[in-house]
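Numbering (the working numbering), first residue to last: 56 to 517.
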């Protein structure tokens with residue numbers, strides 16, 4: 056006969072196992088919306104030293120613009136203030152607006168189709184085969200619709216031969232609209248699937264006004280309501296608009312002064328490896344300037360404009376990624392809008408409904424994100440050049456194996472990697488862009504699509 060202690064000792068593992076299984080099944084936390092400013096908005100308002108750094112950055116950009124104008128006027132004997140590159144980059148903008156409107160209409164059609172599926176579903180027997188066939192059919196239609204919309208965006212870009220900036224608007228908007236539609240359907244489908252028409256009175260369907268507001272709200276997490284501010288600050292919108300125009304002009308100056316002159320003759324004259332290596336290293340700081348100013352434009356100025364116009368309260372579009380010590384922190388903090396969607400509708404769903412492995416969920420999330428980024432870049436420039444994926448994978452692997460305790464040293468290394476990475480990426484894509492303009496090739500061949508032309512041209516580099 057067992058003693059009480061033996062019984063207790065044998066029962067403990069079951070209780071522990073039971074507790075572990077309960078803990079393991081706890082769902083991951085949900086996104087919570089609260090009224091708050093962007094990080095830089097608070098820093099500019101509360102810390103005068105940070106605002107002074109912002110002023111110094113603006114002064115540097117003004118000096119860069121003056122230097123570029125002087126260089127063009129006195130050295131090249133021409134004067135166009137960088138506007139030529141802006142006009143050519145955003146060429147055929149009226150066709151861009153037309154294509155964007157078509158994608159918007161199709162996205163709204165997705166909303167109407169979901170409501171049609173839901174209204175028909177409640178009239179079907181909940182235990183019959185027809186309702187399962189109905190759900191599977193519309194699931195396949197939804198997947199096919201998403202794929203077709205991506206293919207349509209590709210068709211628009213290649214048919215109208217949009218330059219890279221104009222093409223980026225169509226491609227990035229298609230990604231954004233696809234994320235919005237999936238967020239709406241994923242959030243709204245649950246209540247529909249659990250709806251009981253005999254016990255519940257109202258079908259839990261969202262109004263089109265909720266979805267239309269969500270389409271323009273600076274978030275990819277669907278809710279029927281969000282925290283709102285009391286009024287619109289038009290002065291705030293005016294200065295954010297000036298920032299957007301200033302960043303566009305700044306980036307035009309940087310490309311016109313540093314990147315285009317360095318690589319536009321590739322394929323016309325022979326380059327040396329020494330020349331390319333030095334050029335890539337020299338462009339680390341201009342590349343970093345392109346990245347930082349692009350971040351400020353997209354995730355601070357532009358998102359805050361839409362938030363202010365819609366009185367959207369939660370403006371945490373990014374965290375203090377500049378203090379990051381690893382690329383894991385960077386990917387988690389630099390773009391909260393996209394990170395929230397990846398966490399909620401990909402990572403969380405995989406972990407809770409597919410496989411209870413955070414490693415598998417994290418790897419799948421990163422892989423899907425990388426594929427979508429490469430899809431956009433491939434069709435933006437017209438060639439497959441996975442430099443972003445390869446470069447950051449190398450740095451991620453390196454930072455995982457190198458352990459440094461000094462936070463200052465780690466942050467300095469992070470910024471060195473960011474500068475070199477941005478310089479290499481912008482230089483690499485610019486070099487390949489001019490290589491494909493100056494060097495004839497078989498554009499229909501798979502080899503020409505998959506391999507950089509500047510590497511396959513044996514007569515271009517000594």
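Even glycine gets a Cβ: it sits at the ideal position worked out from N, Cα and C.
Task: Reference residue 355; option with closest CA among 273, 125, 222 - done: Taking only the C-alpha atoms, the option nearest residue 355 is 273.
Task: alpha helix (DSSP H) segment containing residue 192, residue limits - done: Annotation for residue 192: the continuous alpha helix (DSSP H) segment containing it runs 184-215.
Open item on the list: On the CB-based measure, 16 or more other CB atoms within 10 Å of its CB, does residue 473 come out buried or exposed?
Closed with: Only buried fits residue 473, as 16 or more other CB atoms lie within 10 angstroms of its CB.
Open item on the list: Check whether the segment 358-377 and the segment 264-278 are in contact - that is, three or more C-beta pairs closer than 8 Å.
Closed with: Segments in contact, yes.
Task: Among 94, 437, 504, 290, nearest to residue 360 - alpha-carbon criterion - done: Looking from the CA of residue 360, the closest CA among 94, 437, 504, 290 belongs to 290.
TODO: Using the Cα positions of residue 508 and residue 319, report the straight-line distance between them to the nearest angstrom.
DONE: The straight-line gap from Cα to Cα measures roughly 14 Å.
Open item on the list: I'd like the span of the alpha helix (DSSP H) that includes residue 502, first residue to last.
Closed with: Segment 501-505, the alpha helix (DSSP H) holding residue 502.
Open item on the list: Which same chain residues end up closer than 6 Å to residue 88 when comparing Cβ atoms and leaving out the 5 residues on each side of it in sequence?
Closed with: Excluding positions up to five away in sequence, the list reads 281, 282, 369.
- [ ] Apply the 10 Å Cβ neighbour rule to residue 110 and answer buried if 16 or more other Cβ atoms are within range, or exposed otherwise.
- [x] So residue 110 ends up on the exposed side.
Open item on the list: Quick check on DSSP: helix, strand or coil for residue 283?
Closed with: The answer is strand: DSSP assigns residue 283 an E or B state.
- [ ] Provide the residue(s) that pair with residue 324 in DSSP beta bridges, ordered along the chain.
- [x] Residue pairing for residue 324: DSSP places it in a beta bridge opposite 321.
Open item on the list: By the three-class DSSP mapping on this structure, what secondary structure does residue 91 have?
Closed with: For residue 91, the secondary structure class from DSSP, reduced to helix, strand or coil, is strand.
Open item on the list: In this structure, how does DSSP classify residue 97 when only helix, strand and coil are distinguished?
Closed with: Correct three-state label for residue 97: helix.
Open item on the list: Can you tell me whether residue 125 is buried or exposed? The criterion is at least 16 other CB atoms within 10 Å of its CB, across all chains shown.
Closed with: Exposed: under 16 other Cβ atoms inside 10 Å.
Open item on the list: Three Cβ pairs or more, each shorter than 8 Å: is that satisfied between the segment 372-384 and the segment 325-336?
Closed with: The answer is no - the segment 325-336 does not touch the segment 372-384, with fewer than three Cβ pairs under 8 Å.
TODO: Mind the definition here: the segment 194-205 touches the segment 133-153 only if three or more C-beta pairs lie below 8 Å; say whether that holds.
DONE: The segment 194-205 makes no contact with the segment 133-153: fewer than 3 CB pairs, one atom from each, lie closer than 8 Å.
TODO: For the alpha helix (DSSP H) containing residue 219, list its first residue and its last residue.
DONE: Where residue 219 is concerned, the enclosing alpha helix (DSSP H) stretches over 219-248.
TODO: Rounded to whole angstroms, what's the CA-CA distance from residue 388 to residue 464? Just pull it up for me.
DONE: When the Cα atoms are used, residue 388 and residue 464 turn out to be separated by approximately 20 Å.
Open item on the list: Could you check whether residue 401 and residue 416 sit closer than 9 Å to each other, using their CB atoms as the reference points?
Closed with: Contact: yes.
TODO: Check whether the Cβ atoms of residue 143 and residue 246 lie closer than 9 Å to each other.
DONE: In terms of Cβ geometry, residue 143 and residue 246 do not form a close pair [threshold 9 Å].
TODO: Select from 335, 309, 322 the residue whose C-alpha is nearest the C-alpha of residue 345.
DONE: The residue with the shortest Cα to Cα distance from residue 345 is 309.
Open item on the list: Can you look up residue 510 in the DSSP assignment and give me helix, strand or coil?
Closed with: Helix at residue 510.
- [ ] With DSSP as the reference, label residue 497 as helix, strand or coil.
- [x] Of the three classes helix, strand and coil, the one that applies to residue 497 here is coil, per DSSP.
Open item on the list: Is it the case that the segment 466-486 contacts the segment 394-413, given that we only count it when at least three CB pairs across the two stretches are under 8 Å?
Closed with: No, the segment 394-413 does not touch the segment 466-486.
Open item on the list: In the DSSP assignment, the alpha helix (DSSP H) including residue 168 goes from what residue to what residue?
Closed with: Residues 148-176.
Open item on the list: Below 8 Å, how does it come out for the segment 162-174 and the segment 230-238: are there three or more Cβ pairs, yes or no?
Closed with: The count of Cβ pairs closer than 8 Å, one atom from the segment 162-174 and one from the segment 230-238, reaches three, so the stretches are in contact.
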